[in-house]
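What follows is a short report on a single structure.
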Amino acid sequence: MTKRIGVFDIVNVLILAFVAAVALFPFIHMASVSLSSAHYVVRNEVSFWPKGVQFDVYGEVLRDNRLLVGYKNTIIYVVLGTALSLFFTSMGAYSLSKRTLTFGKQIMLFIVFTMLFSGGMIPTYLVVRSYHLMDTVWAMVLPGLISTWNLIVMRTFFQGIPAEIEESGKIDGSSDIRTLFSIVLPLSKPVLMTIGLFYAVGIWNNFFHALLYLREESLYPLQLVIRNIVMVGQIGDAITSAASEQQGIVLESLKYAFILVGTLPILVVYPFIQRHFVNGVLIGSVKG
Amino acid sequence: MKPTLIRNLKRDRTYFLLLAPVLLYYVLFKYVPMFGIIVSFKDYNLFAGVWKSDWVGLKYYKMFFQNPDAYDIIKNTFVLGIYKVVFGFPAPIILALLLNELRWKAYKRFVQTVSYLPHFLSAVVASGIIIMLLSPSTGWINHVIQSFGFEPVNFLQQASWFRTVYISSEIWQEIGWGSIIYLAALTAIDPQLYEAARIDGANRWKQTLHVTLPGIAPAIVILFILQIGKILEFGFDKVYLLSNPATYETSDIIATYVYRMGIIQGNFSYATAIDLFMGIIGLVFVYSANQVSRRLGETSLW
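Residue numbers (my numbering), protein chains in the order written: chain A, 39 to 326; chain B, -5 to 296.
Put into structure tokens, the structure is as follows:
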């Protein structure tokens, strides 16, 4: 059967090109504006391609102390949080994957119920405060330690590992803990990778917990720093004076540069990790 | 009976040990706050704490319903939720169907990969981009509007624009990501069905109508029900970041109001009362949605 290219095919290609353009354009535009010289930016002449390329803005951005502190804090939260979340989630999910687990059903109900109903923003805030977690690194790690969705995805994955594989280990006399670490976890690298990435991106992007639980500026993660600079408009003194001296930097370029520098890690790793995310969604959808 | 239970508990002791930190997390960060809800029936006193503050019964619930803003806030929450379903739900299905019709595989992969990207942006970055692009003086979108000879629009300062801006930004961020499940469902359709339809003389539109759509209908139904269950769940972040006092008329939803009343103004009891009221309505939605999906004999959440 020959396949002809009809009008619909052409229209379809164009519609999808539009979808791709809408997804990508903001990034191209931000990069162009941040790289263009003030002369063109002020006159709104930049859309797709940078005009009068200059890198001064990035020099200013990288000299901003708040950004560096934000970067450092975010990296600490991501590394610490991902490690702990992944560790505890996989331990819990492994136990819950045992169909014979005593009270297994009741425990699952206890966990799933929290997806339906929660104490809400204020009681959670009061509780976190009463644990003395405010203005500590732990405020960014503990309140979101376990994601129920991730726990369920992992449990589903572990349940799919044939029981014979584990039993063969047990016959050789290995303990439950050894079975987990030397047989189950090595078989689970893809799901560990996926869930680890979900946690890492979640913590990298976490704005809400920082907004609620952090008042101390030296603990602010990148998201809060970007919010303050881009939306609240707290452009640092150093930058405004430098900018007015040079007359070469526009606020708009500066803000776009901040956003881009803050998103860069995600943009850089994205092409490599998106397959893992897609797998995660598909494992999750099995259970609905 | 008893000896078996003890034997089983003993057999499972390693698993309980592994599970203990997880259960502790749920108790400390999920269940303790649920009990903290009693603060909404009390006059929260910073020095007395939640437990020792005085009981005031339904005072704060009455206060909310006597507040002239209450109606608007509840309405805003529902309207935004309904718009999100009406406009946000079909978008990924349409994208998946269009991608499915694409014969140029490399291009398909490219569009897919690119369309997932906005999903990974944080609320701060997404809102930052939107605010910058929509700026009446420097934003690119207003620049385009002006180049067609129209007046620039101050999108984020006008209540009438808030819902459009918010829903469009949600579609921008989630359309690609949402299409993943449908694309997976599409690959499960038996190719022989298309063959048979072609032999019966069905064109591509007819094939889509009679083979493709019925093939993904179960996925659509389930996701629709789940979506209805989550109608009142919003990412607080983006609504909070995109709204401002000029647009509260349409942009102030329960979550942002609770944040302002509770965290900013320190009126913990009042804010918790509102949150609980909405939490119970939300629970009714999720529970009913799950019952419906269970009755349909498909999957259920629990």
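Note that the Cβ used here is the ideal one computed from N, Cα and C, for glycine as well. In this text the structure is predicted, and so the values were computed from the model without any measurement.
Asked                                                                                                                           : Found
Collapsed DSSP secondary structure at B/TRP49 in the structure displayed                                                        : strand
Whole-angstrom distance between A/GLU255 and B/ASP48, CA atom to CA atom                                                        : 35 Å
Inter-residue Cα distance where the pair is A/LEU54 and B/LEU89                                                                 : 8 Å
Neighbour-count burial assignment, A/HIS170, 16 or more Cβ in a 10 Å radius                                                     : exposed
Below-8 Å beta-carbon distance, B/ASN70 vs any chain A residue                                                                  : no
Spatial distance of A/SER168 from B/LEU207 (CA atoms)                                                                           : 53 Å
Proximal chain A residues relative to B/MET57, where beta-carbon distance stays under 9 Å                                       : Within chain A, no residue comes near B/MET57; the closest Cβ sits about 15 Å away, beyond 9 Å.
9 Å Cβ cut-off: residues of chain B touching A/ILE114                                                                           : Result: empty, since nearest Cβ-Cβ is about 17 Å, beyond 9 Å.
Segment contact, 8 Å Cβ cut-off, at least three pairs: the stretch 256 to 270 of chain A with the stretch 112 to 130 of chain B : yes
For A/PHE2, the nearest candidate out of A/TRP87, A/SER128 and A/MET68 (CA to CA)                                               : As shown, chain A starts at 39 and ends at 326. That puts residue 2 of chain A outside it, with no answer to give.
Proximal residues to B/GLU164 (C-beta, below 7 Å), its chain only, five neighbours per side dropped                             : LYS78 and GLY82
A/LYS293 versus B/LEU127, B/HIS113 and B/ILE248, residue with shortest Cα-Cα distance                                           : B/LEU127
A/GLN312 at chain B interface by Cβ criterion, 8 Å                                                                              : yes
Spatial neighbours of A/VAL91 in its chain, beta-carbon cut-off 8 Å, leaving aside the 5 residues before and after              : LEU73, SER74 and SER75
Presumed contact (8 Å Cβ cut-off) between B/GLN210 and B/LEU180, rounded CB distance                                            : It is Ile, not Gln, that sits at residue 210 of chain B in the sequence shown. At roughly 6 Å, the Cβ-Cβ gap stays under 8 Å, so B/ILE210 and B/LEU180 are in contact.
Below-8 Å beta-carbon distance, A/HIS67 vs any chain B residue                                                                  : yes
Reduced DSSP secondary structure (H/G/I, E/B, other) of B/LYS36                                                                 : strand
Whole-angstrom distance between B/GLY195 and B/PHE156, CA atom to CA atom                                                       : 47 Å
DSSP state of B/ASP63 mapped onto helix, strand, coil                                                                           : helix
Three-state class that DSSP yields for A/VAL60 in the structure shown                                                           : helix
For A/SER226 and A/GLY79, believed in contact at Cβ under 8 Å, the rounded distance                                             : According to the sequence as given, residue 79 of chain A is Val; it is not Gly. Contact flag wrong, Cβ pair sits at about 50 Å.
Rounded C-alpha distance that separates A/PRO64 from B/ILE123                                                                   : 7 Å
Neighbourhood of B/MET272 by C-beta, 6 Å cutoff - its chain only, sequence neighbours within 5 removed                          : ILE248
Per-residue burial, B/PHE41 [other beta carbons within 10 Å of its own, 16 or more giving buried]                               : exposed
A/ARG253: first and last residue of the uninterrupted alpha helix (DSSP H) it sits in                                           : Where A/ARG253 is concerned, there is no enclosing alpha helix (DSSP H), given that its DSSP letter is neither H nor E.
Inter-residue spacing [alpha-carbon to alpha-carbon] between B/LEU(-1) and B/TYR25                                              : 27 Å
Contact the stretch 46 to 65 of chain B vs the stretch 223 to 235 of chain B: 3+ CB pairs below 8 Å                             : no
Contacts that B/GLU95 makes with chain A (C-beta to C-beta distance below 8 Å)                                                  : PHE46, ASP47 and ASN50
Cα-Cα separation between A/LEU106 and B/ILE275, rounded to whole angstroms                                                      : 43 Å
Distance CB(A/PRO303)-CB(A/GLY108) smaller than 8 Å                                                                             : no
Sequence-distant residues of the same chain with beta carbon closer than 6 Å to A/ARG313, five excluded per side                : none
Rounded C-alpha distance that separates A/SER206 from B/ILE67                                                                   : 60 Å
Cβ-based neighbour list, A/SER282, same chain, cut-off 7 Å, excluding 5 preceding and 5 following                               : Model confidence at A/SER282 stands at a pLDDT of 48, short of 50, so the residue's coordinates are unreliable; what they give is reported in the following sentence. Counting only Cβ-Cβ distances below 7 Å, and skipping sequence neighbours, we find nothing.
Under 8 Å from the C-beta of B/PHE104: neighbouring residues of chain A                                                         : ALA58
Limits of the alpha helix (DSSP H) - the one that A/GLN261 falls within                                                         : 260 to 264
Under 7 Å (Cβ pairs) to chain A, residues found in the stretch 264 to 279 of chain B                                            : ALA265, THR266, ASP269, LEU270, GLY273 and LEU277
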